[in-house]
Amino acid sequence: MLSRIAESLYWLGRYVERAEDTARILDVHFHLLLEDRWVDETATGRALLQVMGRPAAPQDGSDALSVTQALAFDTAYAGSIVCSLSAAWDNARGAREAVSTEMWECVNATHEALPRLVEDAGGQMPHAFFRWVKERCAILAGLSESTMSRDDGWKFLVLGRSLERVDMTARLLSARYGDSLGQAGWVTTLRCCSAYESYLRTYQRAVDGSSASEFLVLDRLFPRSLYFSLRAAEACLSEIDPRSGRAGVDDAARRYLGQARAQLEFSSAGDLLADLPGRLAHLQDRCSDAGASISERYFRPAAIVEWSA
Amino acid sequence: MGDLFEPYCGGLTGWTRAWDEMFERCPGTTGTLDGGGPLSPRQHYLPLHHALGALSASDVEARCAARDRSFRDQGITFSLSGEERPFPLDLVPRVIPADEWETVRSGVVQRVRALEAFLADIYGPGRIFDDGVVPRRLVQSSPHFHRQAANFSPPNGVRVQVAGIDLVRDAQGRYRVLEDNLRTPSGISYVIENRRAMTHVFPELFGSYRVRAVADYPAHLLAALRAAAPAHAGDGATVAVLTPGVHNSAYFEHSFLARQMGVALVEGRDLVCRQGVVYMRTTSGEERVDVIYRRVDDEYLDPLQFRPGSLLGCPGLLNAARAGNVTLANAVGNGVADDKAIYPRVPDLVRYYLGEEPVLANVDTYVLEDPGQCAHVLEHLDELVLKPVDGSGGYGLVIGPQATDEELSVLAAKVRANPRGWIAQGVVQLSTSPTYTGQAFEPRHIDLRPFAVNDGEKVWVVPGGLTRVALPRGSLVVNSSQGGGSKDTWVLAPTGQARERLAASGRHDYDGTAGRPRPAPVGPVAAGLVGQQQQQQQQQQQGQPRSACDRHPPC
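Residue numbers (the numbering used here), protein chains in the order written: chain A, 16 to 324; chain B, -13 to 541.
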């Protein structure tokens, strides 16, 4: 597989996941504030912006509408939903012969419809927009699942998606620790990940902070938990390069992810929760290291050589 | 005649000399739209005319909307002055009967063979110069003549893997060659996608026609590319398509061909040359490339040989090709043979190399280097079309009858300064075809670009081609870069052929009894379903809350 194509697919996976997760987080955030008027809107908004890597400037508002504007529609902020979807389209376009026609059509139709949807959302009713984003991402995931060969291209796509999911879930959890919501906010957090029902079926008791974090960090079966996503990323890496020596792992990215995963997996629940924010920050750093290492190893950009004097 | 064909019933002034594809005067045989008397559809257009005539304006609008959505979703667009537009496909297909097509096909094959021989000759022994048929000066003064291609023969001798020969029909309906494209002719993806869109949007139009398929073009192309591979590659030659990148106006086509052939689509930065061997950078290291179907122009292909500032190519590519380690398709330097200065001599090339009379005539052309012809042209600029010899895509072309006096005097000065740089042709009344204009079917001028693939054994012409249509009323410029559209081109199978082919391939009609029966639903779902639904309904009616022991559905 061409390095350039692999890189495009990896980023296609990342950007689509980023758009979807941002939509999930904002959808729940926006409506939580409406449903629960005791929530401190400004503090929650600031915490959210902070954890999404976009600290609010003092003159920016951090009410629900401003936060939505900043994280969903702002074309000047590279992490917004609109920009993520555009970046996903750019990457799909460059890798068009490597994705199935159905996938390309899905990405392209999403990109085509985006300006209209943004206009319709109009700032006042963003739910329809978030729902649409989640649906388009789900359609793309379904199409790739059912139309893409499980070749290296698929593995890079899933690798990007899984790494981004780890990162976004970690951010979401960090946001929960940074806000003022207390236990009541955990239902919201679970809902962001579509994990609420799954949590209830698993624990069969009311939501509290420690079991909710435990679920989102360590659950072995839920596809958006940190553990599950780390495992998925590791599996992709080991399939991309199946040569494993007799001892140890010589792929740096796999080592980063494996160590991070083991630290979560083999901690007691008490230890884990005692310093969750610190561990999450550490995990995000490891993901970023793994990303750099993947890029270094597989995407080696060619130096641009210009032959003119 | 349906309402939508109203423009053909009257008011057709200004279309007096063109051949119309669909209509003819009845019972006369002039075929043009002038004179009196009612129009009637030609024999091979009857079913199509009938089907289209049955449509109402709102039907047509709905089909247009479906077509546009389909093109937009797929991102089938081209850039026009920096803006991405969906490629406009007209709803009325062009129909070419089998016998007419045979003329086109044999003429295109003949022309490609002659041009191949010409290229091999001028980059090799140069017999044609010695025999005085074409002056050496004319060839070597062409900006597309590259010494880098001289004295080198490609592995299977083929330089023109893909050719696009532009044809028009004159007022008598005869096909004539307007232009040869031997470098990187584009448009085949639109041929295939147009067909796909038409079968989706207008299935009923295909009804009684046996239209020959165009979708196997990529397979033919891949076979021709493999056949051109250097000897070391054996059967498993690695083929790649080289594109300038996503911002190129034909990027869709590059990616389409790569996808349909199942080969890598590379950009210059994906390639690396080392010791005369070309590799592409993959996730598992460097992989050797044997054949490159390149859609990058000669001048950008190799910064060591051509433009040093080019980032689109790969340094060392040409030396690798000359060392026989990689095949470039189409070959470098082909432009000299589709140069407009060579064009007037192609009939002579056919006679010289093949000893045959040309099947397809040229459009009457003046060679401006001849002082007599040049003087004549300068006197009649307002009646002729002048084309710069190194232009393509309709840029720089001047249509005398439509030009202002000022434009003509500027043109005259340019021609006097550089007669080698121009050719002049009579205004060809391109044939017309009914084209949907938003309200009705009106005549618009069209041309035809058939595509030929040469695998070294045989020149294959895809049964179809790109019919381009000049959408503005009266316009003769069909290039998509100048606001042209396209039509699906239907080449009809000869009578009886389809059935024979079907029999030969051993296919049988579907026998409905052969299918396996679907298993009847069994198990708890089927057994319990009815009872469960009834109980749930009762539950609702009674309005009782379910008790804890009621959790498992009773079956």
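A virtual CB, placed ideally from N, CA and C, is assigned to each residue, including glycine.
**Asked** chain B partners of Gly109 of chain A, CB-CB under 7 Å?
**Response** Val232, listed in chain order.
**Three-state secondary structure assigned by DSSP to Glu311 of chain A** = In the structure shown, Glu311 of chain A sits in a helix (DSSP, three-state: H, G or I).
**Asked** Are the C-beta atoms of Ala214 of chain B and some chain A residue less than 8 Å apart?
**Response** no
**Exposure of Arg537 of chain B, with buried meaning 16 or more beta-carbon neighbours within 10 Å** = With a pLDDT of 45 at Arg537 of chain B, under the threshold of 50, the modelled position of that residue is not reliable, and the figure given next carries that caveat. Exposed, since its Cβ has fewer than 16 Cβ neighbours within 10 Å.
**Request:** Would you list, in sequence order, the uninterrupted beta strand (DSSP E) runs of no fewer than 3 residues that lie entirely inside the stretch 370 to 446 of chain B?
**Result:** 370 to 374, 408 to 412, 418 to 422, 427 to 431, 437 to 440
**Message:** When you compare the CB positions of Arg301 of chain A and Leu272 of chain A, do they come within less than 8 Å of one another, or not?
**Reply:** By the CB criterion at 8 Å, Arg301 of chain A and Leu272 of chain A fall inside the cutoff.
**Item:** Rounded separation between Asp356 of chain B and Arg169 of chain B - CA only
**Value:** 27 Å
**Asked** Hey, is Ser241 of chain B's beta-carbon within less than 8 Å of any beta-carbon in chain A?
**Response** yes
**Request:** From the DSSP output, in three-state form, read off Thr351 of chain B for me.
**Result:** In this structure, Thr351 of chain B counts as strand in the three-state DSSP scheme.
**Message:** Just verifying my parser: in three-state terms, what is the DSSP assignment at Ser26 of chain B?
**Reply:** For Ser26 of chain B, the secondary structure class from DSSP, reduced to helix, strand or coil, is strand.
**Request:** Would you identify the three-state DSSP class for Leu236 of chain A, choosing helix, strand or coil?
**Result:** coil
**Message:** Helix, strand or coil for Cys251 of chain A? Go by DSSP, reduced to three states.
**Reply:** helix
**Prompt:** Do Val282 of chain B and Leu228 of chain B have their CB atoms nearer than 8 Å?
**Reply:** yes
**Message:** Here's a check: name, in chain order, each residue in its chain whose Cβ is nearer than 7 Å to the Cβ of Asp35 of chain B, leaving out the five neighbours to either side.
**Reply:** Looking at the sequence provided, one finds His at residue 35 of chain B rather than Asp. Contacts found: Met8, Pro27.
**Item:** Outcome for Trp53 of chain A when other beta-carbon atoms lying within 10 angstroms are tallied against a minimum of 16
**Value:** exposed
**Message:** Could you pull the DSSP bridge partners for Gly471 of chain B from this structure?
**Reply:** Beta-bridge partners assigned by DSSP to Gly471 of chain B: B:Val455.
**Request:** Within the stretch 197 to 249 of chain B, note down every full alpha helix (DSSP H) run reaching 4 residues or more, in order along the chain.
**Result:** Along the length of the stretch 197 to 249 of chain B, whole alpha helix (DSSP H) runs at least 4 residues long occupy 203 to 213, 237 to 247, reported in chain order.
**Asked** Leaving out five residues before and five after Asp495 of chain B in sequence, what residues of the same chain have Cβ atoms less than 8 Å from its Cβ?
**Response** Residue placement at Asp495 of chain B is flagged as unreliable, the pLDDT there being 43, under the threshold of 50; the coordinate-derived value follows with that caveat. No residues qualify anywhere along the chain.
**Given Tyr(-6) of chain B as reference, the closest of B:Pro429, B:Leu462, B:Trp446 once Cα atoms are compared** = B:Pro429
**Request:** Kindly say whether Ala250 of chain B, judged by its beta-carbon, lies nearer than 8 Å to any beta-carbon of chain A.
**Result:** yes
**Message:** Among the candidates B:Pro374, B:Leu346, B:Gly412, whose CA atom is the shortest distance from the CA of Glu86 of chain B?
**Reply:** B:Leu346
**Request:** Output the boundary residues of the beta strand (DSSP E) element that contains Asp166 of chain B.
**Result:** 161 to 167
**Prompt:** Rounded to the nearest angstrom, how far is the Cβ of Asp276 of chain B from that of Val232 of chain B, given a contact under 8 Å?
**Reply:** Incorrect: roughly 25 Å between the Cβ atoms, too far for contact.
**Prompt:** Grouping DSSP H, G and I as helix and E and B as strand, with all else coil, what is Leu314 of chain B?
**Reply:** strand
**Prompt:** Mind checking whether Val322 of chain B and Phe131 of chain B have CB atoms under 8 Å apart?
**Reply:** yes
**Candidates B:Pro111, B:Leu367, B:Ser419, of which the one nearest Ala399 of chain B by Cα** = B:Leu367
**Message:** Closest to Leu434 of chain B by C-alpha separation, out of B:Thr421, B:Thr453, B:Glu190, would be which residue?
**Reply:** Of B:Thr421, B:Thr453, B:Glu190, the residue nearest in Cα terms is B:Thr453.
**Prompt:** Whole-angstrom Cβ separation of Gly8 of chain A and Leu215 of chain A, contact assumed at under 8 Å?
**Reply:** In this structure chain A extends from 16 to 324, so residue 8 of chain A is not present and cannot be described.
**Asked** beta strand (DSSP E) containing Tyr279 of chain B: first to last residue?
**Response** 277 to 280
**Asked** What's the gap between the Cα of Glu272 of chain B and the Cα of Glu239 of chain B?
**Response** Spanning the two alpha carbons is a distance of roughly 26 Å.
**Item:** When A:Thr203, A:Leu298, A:Glu56 are compared against Asp42 of chain A, the one with the closest alpha-carbon
**Value:** A:Thr203
**Message:** Between the stretch 241 to 257 of chain B and the stretch 109 to 129 of chain B, can you find at least three pairs of beta-carbon atoms closer than 8 Å?
**Reply:** no
**Message:** Considering only the alpha carbon of each residue, which of B:Leu105, B:Phe138, B:Glu179 lies closest to Arg122 of chain B?
**Reply:** B:Leu105
**Request:** Alpha carbon to alpha carbon, how far is Leu303 of chain B from Glu229 of chain A? Give it in angstroms, no decimals.
**Result:** Computed Cα separation, rounded: 57 Å.
**Message:** Let's see if you can read the secondary structure: which residues bound the alpha helix (DSSP H) around Arg55 of chain B?
**Reply:** 43 to 60
**Asked** Using 8 Å as the limit for Cβ to Cβ distance, is Met163 of chain A near chain B?
**Response** no
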